[in-house]
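Here's the structure, in structure tokens; my notes come after.
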Amino acid sequence: MRLMKIIPAALLGLTLVGGASTAALASGDGAELKHQHWHFQGFFGQYDKAAALRGFQIFEEVCSACHAAKYLRFRDLEALGLSKDQVKAVAAKYEVDAEPNDDGMTYDDDGERLKRTALQSDVFPAPFPNEKAAASIHGVAPPDLSLLAKSREGGADYIYSLLTSYVDAEHLTEEQAKKAGDLNYNAVFPGNVIAMAAPLSDESVEYVDGTEPTLEQHAKDVAEFLMWVAEPNLDSRKRMGWAVLLFMIVFTILAYLAYRRVHARVHEEPANGPWPLH
Amino acid sequence: MSQANQYKGFAGWLEKRLPIISPADHFFNHYPTPRNLNYFWNFGAIAGLLMGLMILTGLILAMQYTPSTLHAFDSVERIMRDVNYGWLLRYLHMNGASFFFIAVYIHIFRGVYYGSYKGEREVLWILGIVILVLMMAIAFMGYSLVWGNMSFWGVTVITNLFSAIPVVGDTLVTWLWGGFSVDNPTLNRFFVLHFALPFVLLAVVGLHVLALHQVGSNNPLGIDMKGPQDTMSFHPYFTMEKLFFIGLFFTIYFLVVFFAPNMLGEAINYEPANPLSTPEHIVPEWYFLPFYAILRSIPDKLGGVIAMGGAIVALGLLPWLDRSPIRSARFRPVFQIMVFVFVIACIILGFVGAQVPADAFQIYGVQVFGSLSVLRTGQIFTAIYFGFFVLLPFVPLFERPRKMPRSIAEAIDGHA
Amino acid sequence: MAEQVQDESKRDFLALSAYVTLGVGTVAGTLGILNSLTPSADVLALASIEVDVASLAPGQAITVMWRGKPVFIRRRTPEQIDDARGVALSALKDPQTDAERTVEGKEEYLVVVGVCTHLGCIPKGQKEADVRGDFGGWYCPCHGSHYDISGRIRKGPAPLNLPVPEYEFLSDTNIKIG
Chain A
0 MRLMKIIPAA
10 LLGLTLVGGA
20 STAALASGDG
30 AELKHQHWHF
40 QGFFGQYDKA
50 AALRGFQIFE
60 EVCSACHAAK
70 YLRFRDLEAL
80 GLSKDQVKAV
90 AAKYEVDAEP
100 NDDGMTYDDD
110 GERLKRTALQ
120 SDVFPAPFPN
130 EKAAASIHGV
140 APPDLSLLAK
150 SREGGADYIY
160 SLLTSYVDAE
170 HLTEEQAKKA
180 GDLNYNAVFP
190 GNVIAMAAPL
200 SDESVEYVDG
210 TEPTLEQHAK
220 DVAEFLMWVA
230 EPNLDSRKRM
240 GWAVLLFMIV
250 FTILAYLAYR
260 RVHARVHEEP
270 ANGPWPLH
Chain B
0 MSQANQYKGF
10 AGWLEKRLPI
20 ISPADHFFNH
30 YPTPRNLNYF
40 WNFGAIAGLL
50 MGLMILTGLI
60 LAMQYTPSTL
70 HAFDSVERIM
80 RDVNYGWLLR
90 YLHMNGASFF
100 FIAVYIHIFR
110 GVYYGSYKGE
120 REVLWILGIV
130 ILVLMMAIAF
140 MGYSLVWGNM
150 SFWGVTVITN
160 LFSAIPVVGD
170 TLVTWLWGGF
180 SVDNPTLNRF
190 FVLHFALPFV
200 LLAVVGLHVL
210 ALHQVGSNNP
220 LGIDMKGPQD
230 TMSFHPYFTM
240 EKLFFIGLFF
250 TIYFLVVFFA
260 PNMLGEAINY
270 EPANPLSTPE
280 HIVPEWYFLP
290 FYAILRSIPD
300 KLGGVIAMGG
310 AIVALGLLPW
320 LDRSPIRSAR
330 FRPVFQIMVF
340 VFVIACIILG
350 FVGAQVPADA
360 FQIYGVQVFG
370 SLSVLRTGQI
380 FTAIYFGFFV
390 LLPFVPLFER
400 PRKMPRSIAE
410 AIDGHA
Chain C
0 MAEQVQDESK
10 RDFLALSAYV
20 TLGVGTVAGT
30 LGILNSLTPS
40 ADVLALASIE
50 VDVASLAPGQ
60 AITVMWRGKP
70 VFIRRRTPEQ
80 IDDARGVALS
90 ALKDPQTDAE
100 RTVEGKEEYL
110 VVVGVCTHLG
120 CIPKGQKEAD
130 VRGDFGGWYC
140 PCHGSHYDIS
150 GRIRKGPAPL
160 NLPVPEYEFL
170 SDTNIKIG
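For the record, the sequence lines run as chains A, B and C.
Okay, so the first sequence: first residue is 0 according to numbering that gives the first Met the number 0, each after it adds one.
Okay, so the second sequence: first residue is 0 according to numbering that gives the first Met the number 0, each after it adds one.
Okay, so the third sequence: first residue is 0 according to numbering that gives the first Met the number 0, each after it adds one.
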């Protein structure tokens, strides 16, 4: 009897970890990731908004030259603590494709795309007009960054590790150099040969908030930012999660007590049923 | 209908015009339920509740979703980012599928272990298997709607299974796709089916419950109820217990939804579908893994498809394969061991389905069977899976049942 | 007997609180789900727009889309303003002065939602060549409602004046609607 009570729990647990392991096992090769402590991890973790904003600065100054983030809208930055006016000012630095003008034209007489100043509601503009144009430089199109932290095994750890695991040309073994060819060698990237040259190094970006601009700091901040872009509702999700969890615990305890109470009568009363309803 | 209307007030008024009060009353208050039901008997109710939640969240999600290859992925991201509580609805729905399967798999295990398919329960059991098949179809098509890269390749691989059918296979696949590859017509029809089939499922679940109430619940002893001394009223005794278990189960469910919503999913599905780039490992959702493992264990394409289908058909044939008059595994020492081996085989097949066939089989990095390859492990445990069903008819020939009480009341009270 | 009654009530209280908790949870969940159907963040982000009217000459009009509806912006000539101000309130079906419908100091610009208050058609009158009705403003072709140069209903079945949206002048020629 006791055994039969434990089995459902055990089965449930097994199925859960079994399912979870699917993801873990599927990831396969690639070097060990450099696991970092992230502000957003764990039951209480929330985003470090200052770090994410620094990450946005890196994204603006470095990443966005080649990478798009098609789900990032300027208005989203309000969630990182920028005011409406600050968001407007950020957006105003960029131009996006204009809507057709009164003559129905989207190109001017020289064949140039008509542009207008970006608004808060606009998507952060992509560096290339289409995938072919994006692929023209390195042969492969730089991936869109808006979901990268969720679409790569390891998430923020992977991004951090990738950015900090480039090996300089002079430090490559002969074999590694041969493998890399004209491209770049990265210890973490699957297959080790990556088209993107090391995008960050010490002092790549001069932080507005004066944080020391080391490569590790840059990588950490941009990973925090990209995680936020991928999962902007994480903070509110966990907050609501706690409320729901507390509610469920209260409900389950009440239901348990009521259940014990009801069944207590079965054991108190003599054997002859049927046990009445009311 | 000859008996006088026993209900008062509004219930009586309504019953006279629409006979729904008496079935509900019967359901909760006059359904004789075995006294000795254990915790396993809660998972049917949990599964039913999850089905309701899935239909509800699905209905709302469908109002925000766009079934077009151009917009599907974007519309899901819009739900995640812009729709109020959209992320919650989506995570509830996405993980709800997993927990629905957890509940149903435990429910099926209980049915097998306690022989709940015996004693005029064949139709009840078959309806249950129909529910399982419908759930699989619905879950599969639902997964495709996200239109991530794993969605796309999952659909491609699984629909290609039908091409194994001789002569008509290729025509059939083209018909399924509505084109020459998985594309917009495929997505559009899968959306419609994913929306419509749950209501068919709902109807079959209704029949399943109807059949249950016709025959009555089985119980851990597998002995029929002989009289009122063996029964308790469903309400409040079992409703209260179910409420408690629903609380427990949903607490775990919500833990995953709110704190690890992507734990059970594949990361690559957050990349939009790309017909030019196949993910390195195509892995179905965890609840399909054992079946996927069986499929891959057979080196022949058609053979694999037949084996996979056979794995479910065999479950449906249980009432006829199991010839023992005794229901509960508690009194059947051989059958009891067989069931546990069967469950272990299913779990191992689950791990097999997630791994690359040529690699050495492992569980959490431990090569439990030495250097045995994933493929071989899969084949061995596929043989065990089917061996269970093949052996079953012969078990009564040599099995010596344990001593059984004469009635439920005797088992509990010591006298009948 | 008394003990049993007490027992009963305790049981009922526990069961009742479990039911009530369940009910509260269900209601909260349902409200959350219904809330998801209210305008989403991307819709709300477009709820206010800015319009540059610098290129608008007196007598001309432009139409802009705002919250899925056309908004008429007409730059009125001094004669038209005088015309609009000279109407006695008693002559109006939905009495409103022109001053109430414009921004002080910016009376030149009339900003109204271009949806007929009768059954939701789009009135004519934005283009020079359009029929502008008996009062020189707008004319709804569906059921013949005439609006004056202040967007007020003067003749026909429409019950109310064309509504004035919430708007402000951010600069001399930049209007923020919504």
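From the three backbone atoms N, C-alpha and C, an ideal C-beta is built for every residue, glycine too.
With which residues is B/Ser-372 paired in a DSSP beta bridge? B/Ala-359
Measuring only between beta-carbons, confirm whether B/Ile-293 sits less than 7 Å from chain E. Among the protein chains of the structure shown, namely A, B and C, there is no chain E.
Pick out the complete alpha helix (DSSP H) segments inside the segment 19-87 of chain A, 4 residues or longer, and give them in chain order. 48-60
For the alpha helix (DSSP H) containing A/Glu-130, list its first residue and its last residue. 130-137
Any chance the segment 254-262 of chain B sits against the segment 131-150 of chain B, with 3 or more Cβ pairs inside 8 Å? no
Touching or not, the segment 352-369 of chain B and the segment 301-310 of chain B, by the rule of three or more beta carbon pairs under 8 Å? no
Does the beta carbon of B/Val-82 come closer than 7 Å to any beta carbon on chain C? yes
Where the alpha helix (DSSP H) through B/Val-256 begins and ends: 238-258
Under a three-way DSSP split, which group does C/Tyr-146 fall into? strand
How long is the line joining the alpha carbons of A/Leu-24 and A/Lys-69, rounded to whole angstroms? Below a pLDDT of 50, predicted positions are generally treated as unreliable, and A/Leu-24, at 46, falls in that range; no measurement from the model is reported.
So, under 8 Å CB-CB, C/Pro-162 and C/Ser-144 are touching, yes? Tell me the CB distance rounded to an integer number of Å. 14 Å between Cβ atoms; not a contact.
Excluding the five sequence neighbours on either side, which residues of its own chain have a C-beta within less than 8 Å of the C-beta of B/Arg-188, listed in chain order? Gly-177
DSSP-derived helix/strand/coil call for C/Asn-173: strand
Neighbour flag for A/Asn-100 against chain B, beta carbons, 7 Å: no
Please check if any C-beta of chain A sits within less than 7 Å of the C-beta of B/Asn-94. no
Could you give the first and the last residue of the continuous alpha helix (DSSP H) run that contains B/Met-307? 300-315
Taking only three categories from DSSP, how would you classify B/Ala-195? helix
Taking C-beta pairs closer than 9 Å, name the residues in chain B that C/Gly-31 reaches, listed in chain order. Asn-83, Tyr-84, Leu-87, Leu-88
Show which residues of chain C have a CB atom less than 8 Å away from the CB atom of B/Ile-59. Ile-32, Ser-35, Leu-36
Alpha-carbon to alpha-carbon, C/Leu-30 and C/Gln-125: 43 Å
Chain B beta carbons: is any one of them nearer than 7 Å to that of A/Asn-232? yes
How would you call A/Ser-150, buried or exposed, if buried means at least 16 neighbouring beta carbons within 10 angstroms? buried
Would you check if the distance between the CB atom of A/Ala-278 and the CB atom of A/Ala-155 is smaller than 7 Å? The requested residue 278 of chain A does not occur in the structure, where chain A is confined to residues 0 to 277.
Assign B/Pro-165 to buried or exposed, taking buried as 16 or more other Cβ atoms, counted over all protein chains shown, within 10 Å of its Cβ. exposed
Ordered list of alpha helix (DSSP H) runs contained in the segment 51-82 of chain B, each at least 4 residues: 71-80
Cα-Cα, which of B/Gln-335, B/Gly-349, B/Ala-353 is closest to B/Leu-391? B/Gln-335
Every unbroken beta strand (DSSP E) within the segment 9-82 of chain C, with a cutoff of 3 residues, ordered by chain: 48-51, 60-65, 68-74
How far does the beta strand (DSSP E) with C/Arg-153 in it extend, from its first residue to its last? 152-154
Along chain A, which residues have their Cβ under 8 Å away from the Cβ of B/Ile-267? Ser-150
Report yes or no: do three or more beta-carbon pairs, one from the segment 53-60 of chain A and one from the segment 195-215 of chain A, lie closer than 8 Å? yes
Can you list the residues of chain A that B/Thr-381 reaches, using a CB-CB cut of under 7 Å? The premise fails here: B/Thr-381 is roughly 17 Å from chain A at the closest Cβ pair, so nothing lies under 7 Å.
Return the residues of the segment 216-245 of chain B that lie within a Cβ-Cβ distance of less than 7 Å from chain C, sorted by chain order. Pro-235, Met-239, Leu-242
Can you list the residues of chain C that B/Leu-254 reaches, using a CB-CB cut of under 8 Å? In chain order: nothing, as chain C lies at least about 16 Å away.
Where does A/Asp-96 sit, in a helix, a strand or coil, going by DSSP? strand
Return no unless some Cβ of chain B is closer than 7 Å to the Cβ of A/Phe-224. no
Within 10 angstroms of its Cβ, does C/Leu-88 collect 16 or more other Cβ (buried), or is it exposed? exposed
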